[in-house]
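Taken in order, these protein sequences are the chains called A and B.
Take the position in the first sequence, starting the count at 1, then add 147; the result is the number in my numbering.
Take the position in the second sequence, starting the count at 1, then add 147; the result is the number in my numbering.
For glycine and all other residues, C-beta sits at the position ideal for the given N, C-alpha and C.
Working notes, beginning with the structure itself.
There are 2 protein chains.
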Amino acid sequence: MPRLTVAQRRDLLLQAAWRILVRDGYAAATTRAICAEAGMKQGVFHYCFTNRDELLLEIAAGLLDAEISASIGAVSRDGSMIDAVNNAFAAYWDTVEAEPGLHQVLYEITTAVLRDPRIGEIARFQYGRYLEGVAGSLDQIAEIRQIEWDVPRDILARQVVTVLDGLTLHYLVDRDSAAARAALASFAVDFAAHARDIPARAIPAHAIPAHAIPAHAIPARDIPARDIQACGIPVPDIPIRQIPEPA
Amino acid sequence: MPRLTVAQRRDLLLQAAWRILVRDGYAAATTRAICAEAGMKQGVFHYCFTNRDELLLEIAAGLLDAEISASIGAVSRDGSMIDAVNNAFAAYWDTVEAEPGLHQVLYEITTAVLRDPRIGEIARFQYGRYLEGVAGSLDQIAEIRQIEWDVPRDILARQVVTVLDGLTLHYLVDRDSAAARAALASFAVDFAAHARDIPARAIPAHAIPAHAIPAHAIPARDIPARDIQACGIPVPDIPIRQIPEPA
DNA sequence: ACCCAACTTGGTCAGCCGACCAAAAGTAAG
DNA sequence: CTTACTTTTGGTCGGCTGACCAAGTTGGGT
């Protein structure tokens, strides 16, 4: 009833839609439900948006960013690599447990969008950005902690996204927080193991003998010789040191 | 038109529904579409099923099993551990690339079912079975290859499920087969690193000094007892075997 | 031959959906 | 005040959905 501009109403409708999506899911976000949530008559809807799709598109393209970005938390300079990775993961995971509905609707939107060839691009685009964001975080971690990843960053980024996504999905189903956190912690150990210290004096790449380069060229089946030494990593130092030299 | 028993029609309808689900998705599986696919009149539907839900339930509870079970392939006794894990994963992955629609509808059904408190149990149940199956495979691998996992099997199983699920979801979005396989291969390396040879004479856990325990005590307060000893990572086996008997 | 139970058919029903629109109500400029 | 405009209202439209049912059809047992 109060007189508002189109822009204001669009905004209110978007917010209302977002609330419904998170609370009641993708299927519940009808034009009528959205208008009711925003306290408007249904007729208003097509005065502010030409399509229902137009609204959903704007949500998918816009709000998702704000909600999801910075999913990976800050990286500490000190402490063990495992803790650093673990804390970064935990920052994401806290958002999952704090707002499961939000993440649930992301999967719903994703699957819904995948069926629609017209807007399937959106899912691809969002996932691409997601991937880039994580890859950026990996670079950041590498710089802050002066390490290199022993797997190409894009592959590692995909692994991280995979883990966070898969774990979230599983959590939405069984809500087993303890199991999820345990698995996440174990993944953190695995990922931390991909960090290799950068030697103090950097050795120019061409100076490294070919046989020293871990052969983890990306490709499919011939599994990279992820150098098993480098992979060993968080080896508890004390016992190892106690091993007597072989005669 | 041909005269059939109720049981026969139920069967045909289930098959038709399954075809539609895989081909056109969850939302397309209306009673009319299913009957059309089965070449029947729509009125027949409620003569064979009381509900649309009854049919979907039967599908979710029944057919999924057949399609999904044995997702993890056989394990070879020979070759490297990495290859063994990789091959097991590849067996699953081939099904993903062969029938993306099938896996896509599984996510749709999962998310749809999660919104319905009445039948949300189904998703939980299916995921539980999934988890058990993978855990069983892990046991099988451990036995065949005479190794132990340095992470509790249930946690490791969750990690495997997480990886396969997350990777599948990502693949459904961007269809990047090469990237997916590369990530999968990298995961295979990670998982293989959790295998520890069973020493001829096992060293009892209590014999390991406490200070040898790495301090990455998995975060979240209530993390289950992922036995921290066991967690102590992929120490290259040779040196371990060389540990002299305690005096 | 009959009959009854099982099956089939075509149609109907209420409900929800997205979309649309004519007309009323308000508002600002001239 | 009048005009030109934006916004608001209430209602309608066609389409699709799950569900239902009364009347017809068929075929096996008696």
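### Task
Return no unless some Cβ of chain A is closer than 7 Å to the Cβ of Tyr-254(B).
Closer than 7 Å: yes.
### Query
Rounded to whole angstroms, how far is the Cβ of Tyr-274(B) from the Cβ of His-193(A), which I believe are closer than 8 Å?
About 41 Å separates the beta carbon of Tyr-274(B) from that of His-193(A), a gap too long to meet the 8 Å contact definition.
### Query
Considering only the beta carbon of each residue, do Leu-314(A) and Thr-309(B) sit closer than 7 Å?
Cβ atoms of Leu-314(A) and Thr-309(B): closer than 7 Å.
### Message
Which same chain residues end up closer than 7 Å to Pro-247(B) when comparing Cβ atoms and leaving out the 5 residues on each side of it in sequence?
### Response
Answer for Pro-247(B): Leu-319, listed in chain order.
### Task
Tell me whether Ile-181(A) is buried or exposed, calling it buried when 16 or more other Cβ atoms sit within 10 Å of its Cβ.
Ile-181(A) should be labelled buried.
#### Entry: Residues, ordered as in the chain, of the segment 324-347 of chain A that lie near chain B by beta-carbon distance below 9 Å
Listed by position along the chain: Ser-324, Ala-325, Ala-326, Ala-327, Arg-328, Ala-329, Ala-330, Leu-331, Ala-332, Ser-333, Phe-334, Ala-335, Val-336, Asp-337, Phe-338, Ala-339, Ala-340 and His-341.
### Task
Residues of the segment 269-298 of chain B with a CB closer than 8 Å to any CB of chain A: list them in chain order, please.
Taking 8 Å as the upper bound on Cβ-Cβ separation, chain A lies near residues Ala-270, Arg-271, Tyr-274, Gly-275 and Val-298 of the segment 269-298 of chain B.
### Message
Taking its Cβ as the centre, do 16 or more other Cβ atoms sit within 10 Å of Arg-328(A), making it buried, or is it exposed?
### Response
Counting the other CB atoms within 10 Å of its CB gives Arg-328(A) a total of 16 or more, which places it among the buried residues.
### Query
Taking three-plus beta-carbon pairs below 8 Å as touching, is the segment 296-304 of chain A in contact with the segment 294-313 of chain B?
Inter-segment contact for the segment 296-304 of chain A and the segment 294-313 of chain B is absent: fewer than three beta-carbon pairs are separated by less than 8 Å.
### Query
Can you give the Cα-Cα distance for Ala-189(B) and Arg-271(A), rounded to whole angstroms?
Per the sequence presented here, residue 189(B) reads as Gln, with Ala not at that position. Note on geometry: alpha-carbon atoms of Gln-189(B) and Arg-271(A) lie some 37 Å from one another.
### Message
Tell me the residue span of the beta strand (DSSP E) that contains Asp-297(A).
### Response
For Asp-297(A), no beta strand (DSSP E) segment is defined, and its DSSP state is neither H nor E.
### Task
Go ahead and label Ile-167(B) buried or exposed: buried means 16 or more other beta carbons lie within 10 angstroms of its beta carbon, across all protein chains shown.
Buried, by the Cβ-count rule.
### Task
Could you tell me whether the Cβ atoms of Arg-343(A) and Ile-291(A) are closer together than 7 Å?
With contacts defined as CB atoms closer than 7 Å, Arg-343(A) and Ile-291(A) fail to qualify as a contacting pair.
### Task
Use the C-beta contact count for Trp-165(A): other C-beta atoms within 10 angstroms, 16 or more gives buried, fewer gives exposed.
When all chains shown are included, Trp-165(A) counts as buried.
### Query
At which residues does the beta strand (DSSP E) containing Arg-343(A) begin and terminate?
Counting along the chain, the beta strand (DSSP E) containing Arg-343(A) begins and ends at 342-344.
### Task
Using a Cβ cut-off of 7 Å, pull out every chain B residue sitting near Gly-190(A), in sequence order please.
In chain order: nothing, as chain B lies at least about 26 Å away.
### Query
At a cut-off of 6 Å, is Gln-162(B) close to the ligand FAD when judged by its beta-carbon and the heavy atoms of the ligand?
Within the structure as shown, the ligand FAD is missing, as the structure has no ligands at all.
### Query
Are the CB atoms of Ala-235(A) and Val-243(A) nearer to each other than 7 Å?
Contact flag unset, no.
### Query
Count the other CB atoms within 10 Å of the CB of Ala-359(A); is the residue buried (16 or more) or exposed (fewer)?
Any answer about Ala-359(A) is weak, because its pLDDT of 43 lies below 50 and its placement is not dependable; what the coordinates show is given next. Around the beta carbon of Ala-359(A), fewer than 16 other beta carbons lie within 10 angstroms, which makes this residue exposed.
### Task
Just the C-alpha distance for Ala-282(B) and Tyr-239(A), rounded to the nearest angstrom, thanks.
Going from the Cα of Ala-282(B) to the Cα of Tyr-239(A) covers about 26 Å.
### Inter-residue spacing [alpha-carbon to alpha-carbon] between Gln-251(A) and Asp-171(A)
The straight-line gap from Cα to Cα measures roughly 10 Å.
### Task
Below 8 Å CB to CB, which residues in the same chain sit around Leu-278(B) once its five sequence neighbours on both sides are set aside?
Leaving aside the five residues that flank Leu-278(B) on each side, the residues in its chain whose CB is nearer than 8 Å to its CB run, in chain order, Asp-301, Ala-304, Arg-305 and Val-308.
### Task
Given a cut-off of 7 Å, decide if Leu-202(A) and Phe-196(A) are closer than it, judged by their beta-carbon atoms.
Judged by their CB atoms, Phe-196(A) and Leu-202(A) are nearer to each other than the 7 Å cut-off.
### Query
What's the gap between the Cα of Leu-249(A) and the Cα of Leu-285(B)?
Whole-angstrom Cα-Cα distance: 33 Å.
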